[in-house]
Amino acid sequence: MDVSVIAKEIKRDDLLQMYDYLRLTRALEERITALYRQGRIVGGVYTSHGMEAIAVGYASALERDDVISPFHRDMGAFLIRGFTPGEVLAQYLGKRTGPTKGKDGNVHMGDLKRGVFGFVSHLADNLPVAVGAALAFRIRGESRVVFAGTGDGGSSRGDFHEAMNFAAVRRLPVVLFCNNNQYAYSTPLHLQMAIPNVVDRAKAYGMPGEIVDGNDVAAVYLAAKQAIARARTGEGPTFLEFKTMRMHGHSEHDPAKYVPRELLDEWKTKDPILKAEQLITQLGYGEEAYFQGVTERVTREVEAGVEFAERSPLPEGPEVLEGVFAMSAES
Amino acid sequence: MDVSVIAKEIKRDDLLQMYDYLRLTRALEERITALYRQGRIVGGVYTSHGMEAIAVGYASALERDDVISPFHRDMGAFLIRGFTPGEVLAQYLGKRTGPTKGKDGNVHMGDLKRGVFGFVSHLADNLPVAVGAALAFRIRGESRVVFAGTGDGGSSRGDFHEAMNFAAVRRLPVVLFCNNNQYAYSTPLHLQMAIPNVVDRAKAYGMPGEIVDGNDVAAVYLAAKQAIARARTGEGPTFLEFKTMRMHGHSEHDPAKYVPRELLDEWKTKDPILKAEQLITQLGYGEEAYFQGVTERVTREVEAGVEFAERSPLPEGPEVLEGVFAMSAES
Amino acid sequence: MKTVDHTTEEVSYLEAISQALDEEMTRDERVFLMGEDIGTYGGAFKITEGFLQKYGEWRVLDTPLSESGFVGAATGAAIMGLRPVVEMQFADFISCAFDQITEVAAKNHYRWGAAVPMVIRAPFGGGVHGGPFHSECPEGWFFHSPGLKLVAPSTPYDAKGLLKAAIRDPNPVIYFEHKFLYRRIKSALPQQDFIVPLGKADVKRAGSDISIITYGAMVHLALEAAQTLAQEGIDLEVVDLRTLMPLDKETIYSSVRKTSKVILLHEDNKTGGIGAEIAALLAEDCFDSLDGPVVRIAPPDTPVPFSTPLEEFFLPKTSDVIATARKLAAY
Amino acid sequence: MKTVDHTTEEVSYLEAISQALDEEMTRDERVFLMGEDIGTYGGAFKITEGFLQKYGEWRVLDTPLSESGFVGAATGAAIMGLRPVVEMQFADFISCAFDQITEVAAKNHYRWGAAVPMVIRAPFGGGVHGGPFHSECPEGWFFHSPGLKLVAPSTPYDAKGLLKAAIRDPNPVIYFEHKFLYRRIKSALPQQDFIVPLGKADVKRAGSDISIITYGAMVHLALEAAQTLAQEGIDLEVVDLRTLMPLDKETIYSSVRKTSKVILLHEDNKTGGIGAEIAALLAEDCFDSLDGPVVRIAPPDTPVPFSTPLEEFFLPKTSDVIATARKLAAY
Ligand SMILES: Cc1ncc(C[n+]2csc(CCOP(=O)(O)OP(=O)(O)O)c2C)c(N)n1
Ligand SMILES: Cc1ncc(C[n+]2csc(CCOP(=O)(O)OP(=O)(O)O)c2C)c(N)n1
Ligand SMILES: [Mg+2]
Ligand SMILES: [Mg+2]
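Sequences listed follow chains A, B, C and D, in order. Start counting the first sequence at 1; every next residue gets the next number (the numbering used here). Start counting the second sequence at 1; every next residue gets the next number (the numbering used here). Start counting the third sequence at 1; every next residue gets the next number (the numbering used here). Start counting the fourth sequence at 1; every next residue gets the next number (the numbering used here).
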């Protein structure tokens with residue numbers, strides 16, 4: 001992105017806040033990975049390492065009243081919506097203080113009050129649901145927008161097709177994105193699809209699409225802003241392909257030997273935090289000392305979170321039985 | 001289509017045979033409709049009236065060893081594969097001599113020996129299955145091709161997406177088509193998709209696509225030939241959109257009041273049989289007397305079929321219990 | 001509940017469903033409808049005829065052919081506070097939305113506390129020459145999926161009252177309406193607003209010798225059999241479950257404790273049907289009250305066949321009930 | 001069958017599955033594999049490690065993320081004479097292919113006589129902190145769908161022998177392999193080719209007081225409980241169903257007729273699980289042999305919870321079996 005464009009289009013505070021969240025995401029997920037290696041996490045760990053700019057960028061571009069249906073590597077979106085590191089860690093440790101009270105694990109957190117839908121493992125299942133939230137906004141005439149995503153892998157599922165198509169036919173206020181990190185677990189793109197870019201899929205629905213540098217938080221933010229504005233003003237849905245790279249294994253147990261070293265080396269130089277720091281420096285918004293300050297702050301926040309999570313109680317067995325049915329629709 | 005091209009590309013006998021099958025299809029389905037109105041048909045009746053050129057054209061373009069996974073308005077394909085009018089009528093009357101022995105109804109006929117897969121009501125479900133047949137050919141290195149279709153309506157289903165994508169990724173020897181007859185039941189195209197042509201969907205898969213006049217049997221035949229040749233020589237799948245119009249109701253009980261009269265009037269002039277007759281006349285292959293001869297022949301065939309079907313026994317109740325499981329894979 | 005003011009004209013089961021939808025849409029503007037051909041066409045069975053004109057295209061949505069997509073969208077709209085009622089054109093096609101129903105809608109409240117107040121209307125059942133794909137009874141699958149409520153009325157009164165209750169319930173409810181009953185039964189209904197609460201069975205005929213526990217179209221078979229049997233001195237108690245999930249164990253148990261003999265009757269395939277669960281509950285909780293084997297009457301484990309003699313053999317008959325009751329009475 | 005030549009090293013349940021696949025692929029070139037990440041990566045659980053190198057990319061196909069698509073494709077390939085073995089990465093994702101399995105594959109032979117010799121491998125079950133989407137036991141759904149065979153081995157011997165039998169069977173078979181057992185149990189296997197025939201239960205421990213009928217991981221719980229109970233003079237007979245569909249009624253009935261008391265134990269949700277069917281069969285066919293209530297031990301009707309104390313509460317425990325057996329013995 002052209003620095004002068006960014007200077008004009010993004011407020012200094014907004015950019016710095018995004019940088020904060022990039023760092024908090026990184027620090028939190030690194031802590032989770034460390035806990036995982038110590039065997040202290042319950043279940044699997046899927047991180048957004050190297051891809052943090054996507055969730056941070058789009059979640060920053062939304063209004064508070066908008067709804068996010070995050071992908072499984074969108075930790076930044078949760079943080080921006082006010083999920084504390086403590087709550088997140090409690091979730092990973094299966095504690096009662098986690099957003100799902102131990103019912104579900106890892107990034108499967110949702111909270112209606114904070115406008116975040118709970119992720120469903122079955123990839124792309126969340127897309128028709130997100131489109132339905134946008135339908136509710138349209139029916140009620142609200143000027144709210146939904147932001148929802150899947151991975152390159154998820155874009156091969158039928159629910160992706162049905163969601164994209166329905167959103168386009170009804171011109172619903174939703175932005176659908178694909179986080180294209182080159183792999184679905186071990187499966188490279190060429191075994192998933194015969195098109196050069198996932199964004200080509202949007203053509204099947206008459207939906208405008210755009211390729212965005214997913215490692216550049218400013219680019220993500222601006223592209224998201226524009227797509228959100230289209231949705232909000234009734235121009236219908238947009239599809240965004242965020243190009244990025246999965247820098248860890250599929251989950252933390254996977255050494256990802258199937259990924260060529262050179263690919264990782266190449267993408268390492270495009271690290272979203274590095275990029276953001278370069279930008280901030282160029283713009284004269286901050287430098288070394290500033291970054292150091294952020295490091296200290298996020299470390300403190302994460303450590304406070306660890307403490308909170310570890311201190312938190314586990315749920316009691318009989319809580320299993322609670323909540324299968326809603327007693328009232330107001331939750 | 002340019003008549004001189006047709007004269008060069010299609011053998012006289014082939015064209016006349018296609019004309020025969022157009023007429024046989026029309027006569028058979030009109031007879032079925034008449035029986036339906038007399039209350040003598042079991043279940044619903046979906047005809048290809050006005051769309052006969054599609055199945056007749058593509059089925060004529062295939063080799064005997066190729067496999068067809070027909071759509072629910074592809075009566076011509078069954079006839080070309082040797083299903084007699086008698087068998088078809090027996091199927092509609094629920095007789096034991098029908099291809100499914102009364103187990104299933106109407107166009108849900110299949111026969112492995114004749115290379116025709118049984119249709120499944122759930123639209124687009126047959127597409128992944130057809131793609132799998134093509135996969136079998138690819139795995140065994142056979143130079144056989146699969147031809148499989150759905151409607152404009154069916155192209156909105158997830159299974160369409162998953163089938164198209166898989167066929168393209170593995171470059172399988174399959175031709176996928178959409179019979180775009182402007183409506184899915186009562187639902188017009190603009191409520192089904194936000195694209196001008198169904199063929200736009202092919203772009204999402206990196207699959208070549210083509211729009212074909214579905215009411216011109218010569219055009220269908222030649223487009224099918226070409227796509228089949230691509231598939232057979234390992235160049236991968238093709239998507240064909242056959243533009244046509246559903247001239248009856250969705251099924252015979254539906255008066256289709258939701259279809260504008262003018263649309264039907266317009267398409268009436270494009271009737272595939274009319275078009276074929278004009279072509280045959282122009283080419284000097286036959287005229288009035290010839291057509292009259294065909295009329296007599298197909299009428300006789302259909303009436304013989306009615307007689308066969310009516311004479312045929314119904315299955316006996318306990319036959320319900322037969323065939324849930326296969327005893328051997330060789331059928 | 002049944003201090004009924006019978007002042008209306010007789011309405012059919014089908015009209016009762018229409019009325020429930022109409023009244024709930026008028027009463028609560030959050031209620032809206034989605035499905036294939038429910039708008040302009042008024043639905044394959046004409047249940048929503050005139051609704052599009054009355055409520056407009058954003059409360060009566062004709063959808064693309066995408067069961068998974070529009071059930072998912074209904075889920076999202078429900079989470080955001082609307083009250084979607086989705087129509088399957090035939091219950092059989094619910095298999096296409098199976099994943100969205102069981103994995104997303106059913107588990108949502110349990111996982112992250114967001115209620116899904118959605119109704120899925122599923123026209124089910126045989127006796128209409130529909131064959132394997134237009135006659136299914138899919139309730140058994142969903143009976144085994146925690147988080148769903150299931151309803152299956154047998155009379156116009158129950159059809160109306162249960163649908164209203166389902167729409168007001170904060171959970172995903174699948175409403176199985178029996179196609180065979182649509183125009184075959186009529187009764188007068190109260191003029192004032194009424195509901196039939198979910199989870200309450202109804203003793204449709206009190207009797208002392210044998211309890212027959214059933215639902216849907218089979219209730220009428222049971223009542224017919226009871227009449228014949230009464231003349232032989234066998235007094236059948238007919239328990240209409242009405243709600244399949246949650247089961248009204250109290251009513252079931254008290255009937256069985258009174259009669260000590262039980263027939264379980266349903267139209268869904270025998271193995272793994274709801275009758276199995278009731279038999280298991282009785283074997284566990286009412287073992288000491290049982291005076292004879294618990295007998296199930298249900299179709300064999302085959303798809304629903306098409307041809308008339310096959311379907312007649314397949315479906316339970318009044319004579320089956322009579323024969324079984326005689327045997328059981330003599331036990 | 002069990003005149004076994006124990007000459008191999010001890011192999012794990014997981015290795016037994018690998019061996020079965022390997023041997024069948026060597027024995028029969030029609031056998032091929034499809035699934036996500038089964039090639040380069042060797043499968044999420046490494047069951048097909050090295051297979052891609054050994055058999056090539058047309059017999060070990062890494063698929064796009066499209067369960068419906070590749071199950072459909074397997075069905076088509078099976079119809080054309082191949083012997084596909086499809087892997088679900090986790091059994092939970094089988095919901096995405098539900099429609100293809102129940103509507104297409106299961107009914108195909110019944111409808112038009114074409115056999116579908118396909119195996120779907122589904123790693124299922126809890127105890128691995130997988131939460132609601134990585135721990136499911138989906139067998140109950142399929143148990144109720146005519147046309148499918150279901151298998152669920154509990155030992156390396158059965159795992160190998162049943163998988164080989166499933167591959168050789170001309171019908172669609174879902175093979176439920178329990179993730180918890182993968183690396184937890186080992187045994188020596190015969191060196192020569194062997195199968196465990198479908199449809200035959202196995203008495204894993206003969207006993208005279210109470211029959212406990214179970215399958216999968218729960219078999220080990222039952223055997224553990226039996227040891228403790230033996231010391232108290234309660235002699236448990238442990239019947240391992242092995243094949244869930246078709247059920248081996250003969251073995252079940254003869255065990256129950258011997259002991260007169262029955263516990264049904266499974267890990268699938270209680271309501272509508274396979275235990276219900278067996279209870280119903282016993283209430284119908286063995287009523288006179290029963291000397292006490294038929295008791296089911298199964299998880300409550302909730303999703304599988306994530307957090308450790310919740311999952312422990314949810315899953316059946318050896319102590320549950322012991323307590324239930326004591327009560328039943330005293331009845
Ligand atoms: C329907 C379905 N099938 C299989 C899986 C198992 N699975 C989890 S993540 C994953 C790969 C996802 O790839 P992608 O969508 O590209 O997301 P990424 O993890 O690369 O961000 C798979 C196969 C799943 N979650 N859902
Ligand atoms: C999955 C599914 N949902 C609904 C239906 C009911 N239905 C049968 S045909 C039809 C419309 C089909 O439209 P299209 O695909 O355009 O084919 P056409 O009948 O116009 O040739 C519908 C909705 C179905 N068969 N399958
Ligand atoms: Mg990816
Ligand atoms: Mg159409």
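Glycine included, every Cβ here is placed at the ideal spot set by N, Cα and C. Just so it is clear, the structure is predicted and the values come from calculations on it, not from any experiment.
*Could you tell me whether any non-hydrogen atom of ligand 3 is closer than 7 Å to the CB of R201 (chain A)?*
What you label residue 201 (chain A) is simply residue 201 of the first sequence in a count that begins at 1. Answer for R201 (chain A): no, Cβ out of range of ligand 3.
*Determine the burial state of R157 (chain B): buried for a count of at least 16 other Cβ atoms within 10 Å of its Cβ, exposed for fewer.*
Start at 1 with the first residue of the second sequence, and residue 157 (chain B) comes out as number 157. R157 (chain B) is buried by the Cβ-count criterion.
*Going by alpha carbons, who is nearest to D301 (chain D) out of D:S319, D:A159, D:L328 and D:G272?*
Position 301 of the fourth sequence, counting from 1, holds the residue named residue 301 (chain D). Here the closest residue by C-alpha is D:G272.
*asked:* Give me the DSSP bridge partner(s) of C178 (chain A).
replied: Mapped onto the first sequence, residue 178 (chain A) falls at position 178. Answer is A:T150 and A:E241.
_When you compare the CB of L135 (chain A) with every CB in chain C, is at least one pair closer than 8 Å?_
Your numbering for residue 135 (chain A) matches position 135 in the first sequence. For L135 (chain A), the answer is yes, since a Cβ of chain C falls inside 8 Å of its Cβ.
*Could you have a look at G98 (chain A) and say whether DSSP puts it in helix, strand or coil?*
In the first sequence, the residue the question calls residue 98 (chain A) occupies position 98. Three-state result, G98 (chain A): coil.
_Can you tell me whether Y183 (chain A) sits near ligand 3, meaning its C-beta is under 7 Å from at least one heavy atom of the ligand?_
Numbered from 1 along the first sequence, position 183 holds the residue referred to as residue 183 (chain A). Yes, the Cβ of Y183 (chain A) comes within 7 Å of a heavy atom of ligand 3.
*Got a sec: is the Cβ-Cβ distance from L112 (chain A) to anything in chain C below 8 Å?*
Working through the first sequence from its first residue, we reach residue 112 (chain A) at position 112. Closer than 8 Å: yes.
_List, in chain order, every chain B residue whose beta-carbon is nearer than 9 Å to that of E162 (chain A)._
In the first sequence, the residue the question calls residue 162 (chain A) occupies position 162. In chain order: S156, R157, G158 and H161.
*Residue from D:F287, D:F180 and D:T26 whose Cα sits closest to the Cα of G292 (chain C)*: Here residue 292 (chain C) corresponds to residue number 292 of the third sequence, with the count starting at 1. Out of D:F287, D:F180 and D:T26, D:F287 has the C-alpha closest to the C-alpha of G292 (chain C).
*Pair within 8 Å by beta-carbon distance, N126 (chain B) and G151 (chain B)*: To locate residue 126 (chain B), count along the second sequence from 1; it is residue 126. To locate residue 151 (chain B), count along the second sequence from 1; it is residue 151. Against a cut-off of 8 Å, the Cβ pair of G151 (chain B) and N126 (chain B) comes out as no contact.
*Cβ of F308 (chain A) versus every heavy atom of ligand 1: is any distance shorter than 7 Å?*
To locate residue 308 (chain A), count along the first sequence from 1; it is residue 308. Incorrect: F308 (chain A) has no Cβ contact closer than 7 Å to ligand 1.
_Helix, strand or coil at L247 (chain C) according to DSSP, with G and I counted as helix_ = Within the third sequence, the letter at position 247 stands for residue 247 (chain C). Of the three classes helix, strand and coil, the one that applies to L247 (chain C) here is coil, per DSSP.
_Nearest candidate by alpha-carbon position, reference A326 (chain B), set D:P156, D:V239, D:S208 and D:H109_ = Mapped onto the second sequence, residue 326 (chain B) falls at position 326. Considering only alpha carbons, the answer is D:H109.
*N165 (chain B) versus chain A: which residues are under 7 Å apart at the beta carbon?*
Within the second sequence, numbered from 1, the residue matching residue 165 (chain B) stands at position 165. The answer, in chain order, is S156 and M193.
*Among A:E87, A:I195 and A:E162, the one whose alpha carbon lies nearest that of V107 (chain A)*: Here residue 107 (chain A) refers to the residue found at position 107 when the first sequence is read from its first residue. Measuring from the Cα of V107 (chain A), the nearest candidate turns out to be A:E87.
*Roughly how many angstroms lie between the CA atoms of G56 (chain D) and F137 (chain B), to the nearest whole one?*
Within the fourth sequence, the letter at position 56 stands for residue 56 (chain D). Within the second sequence, the letter at position 137 stands for residue 137 (chain B). Using only the alpha carbons, I get a separation of about 16 Å.
*Is the CB of D104 (chain A) under 8 Å away from at least one CB in chain D?*
Locating residue 104 (chain A) in the first sequence gives position 104, where the first residue counts as 1. With 8 Å as the cut-off, D104 (chain A) counts as an interface residue toward chain D.
*Start-to-end residues for the alpha helix (DSSP H) that takes in L221 (chain C)*: Counting from 1 along the third sequence, the entry for residue 221 (chain C) is found at position 221. Run containing L221 (chain C): M218 to Q231, per the alpha helix (DSSP H) assignment.
*Using the C-alpha atoms, what's the distance from G57 (chain B) back to F314 (chain C)?*
Within the third sequence, numbered from 1, the residue matching residue 314 (chain C) stands at position 314. Within the second sequence, numbered from 1, the residue matching residue 57 (chain B) stands at position 57. When rounded, the distance between both Cα atoms is 40 Å.
_Supposed close pair I213 (chain C), I297 (chain C) - CB separation, criterion 8 Å_ = Residue 213 (chain C) sits at position 213 when you count from the first residue of the third sequence. Residue 297 (chain C) sits at position 297 when you count from the first residue of the third sequence. About 11 Å; that fails the 8 Å criterion.
*Using 8 Å as the threshold, is the stretch 26 to 35 of chain C in touch with the stretch 108 to 128 of chain B, meaning 3 or more CB pairs across them?*
no
*Between A:A77, A:E29 and A:A59, which lies nearest to E303 (chain A) when the distance is taken from Cα to Cα?*
Residue 303 (chain A) sits at position 303 when you count from the first residue of the first sequence. Per the Cα distances, A:E29.
*asked:* Quick check on F287 (chain C) - is its C-beta less than 8 Å from some C-beta in chain D?
replied: The count along the third sequence starts at 1 and reaches residue 287 (chain C) at position 287. It does; some Cβ of chain D falls within 8 Å.
*Below-8 Å beta-carbon distance, T150 (chain A) vs any chain C residue*: Stepping through the first sequence from its first residue, residue 150 (chain A) is reached at position 150. Cβ-Cβ to chain C under 8 Å: no for T150 (chain A).
*Name the two residues that bound the continuous beta strand (DSSP E) containing A122 (chain D).*
The residue you call residue 122 (chain D) lines up with position 122 of the fourth sequence. That run of the beta strand (DSSP E) goes V119 to F124.
*Check each candidate in C:E49, C:D22 and C:A77 and name the one with the smallest Cα separation from E142 (chain A).*
Taking the first sequence and counting its residues from 1, the one referred to as residue 142 (chain A) is at position 142. Ranking C:E49, C:D22 and C:A77 by Cα distance to E142 (chain A) puts C:A77 first.
_Would you say V129 (chain B) lies against chain A (beta-carbon separation less than 8 Å)?_
Along the second sequence, read from residue 1 onward, the residue named residue 129 (chain B) stands at position 129. Chain A contact via Cβ: absent.
*Taking only beta-carbon positions, decide if E103 (chain D) is within less than 8 Å of chain B.*
For the purposes of this step, residue 103 (chain D) is identified with residue 103 of the fourth sequence, where counting begins at 1. Yes, E103 (chain D) lies at the interface with chain B (some Cβ there is under 8 Å from its Cβ).
*For F147 (chain B), the nearest candidate out of B:T238, B:T295 and B:Y183 (CA to CA)*: The residue given as residue 147 (chain B) occupies position 147 in the second sequence. Of B:T238, B:T295 and B:Y183, the residue nearest in Cα terms is B:T238.
*asked:* Can you tell me where the alpha helix (DSSP H) holding M34 (chain C) begins and where it ends?
replied: Taking the third sequence and counting its residues from 1, one reaches residue 34 (chain C) at position 34. No alpha helix (DSSP H) contains M34 (chain C), which is instead part of the beta strand (DSSP E) from V31 to G35.
*Closer than 6 Å by C-beta to P132 (chain D): which residues in its own chain qualify, once you throw out the five before and the five after it? Chain order, please.*
Taking the fourth sequence and counting its residues from 1, the one referred to as residue 132 (chain D) is at position 132. Answer for P132 (chain D): P303 and V304, listed in chain order.
*Going by alpha carbons, who is nearest to P128 (chain A) out of C:H266, C:G69, C:V173 and C:A115?*
By 1-based counting over the first sequence, the position of residue 128 (chain A) is 128. The residue with the shortest Cα to Cα distance from P128 (chain A) is C:G69.
*State yes or no: is the C-beta of F78 (chain B) nearer than 7 Å to some heavy atom of ligand 2?*
If you number the second sequence from 1, residue 78 (chain B) lands on position 78. No, since every heavy atom of ligand 2 falls outside the 7 Å radius drawn around the Cβ of F78 (chain B).
*Along chain E, which residues have their Cβ under 8 Å away from the Cβ of G275 (chain C)?*
Checking the listed chains, one finds no chain E in this structure; the protein chains it contains are A, B, C and D.
*Any heavy atom of ligand 3 closer than 7 Å to the Cβ of R246 (chain A)?*
Against the first sequence, residue 246 (chain A) aligns to sequence position 246. Answer for R246 (chain A): yes, Cβ within range of ligand 3.
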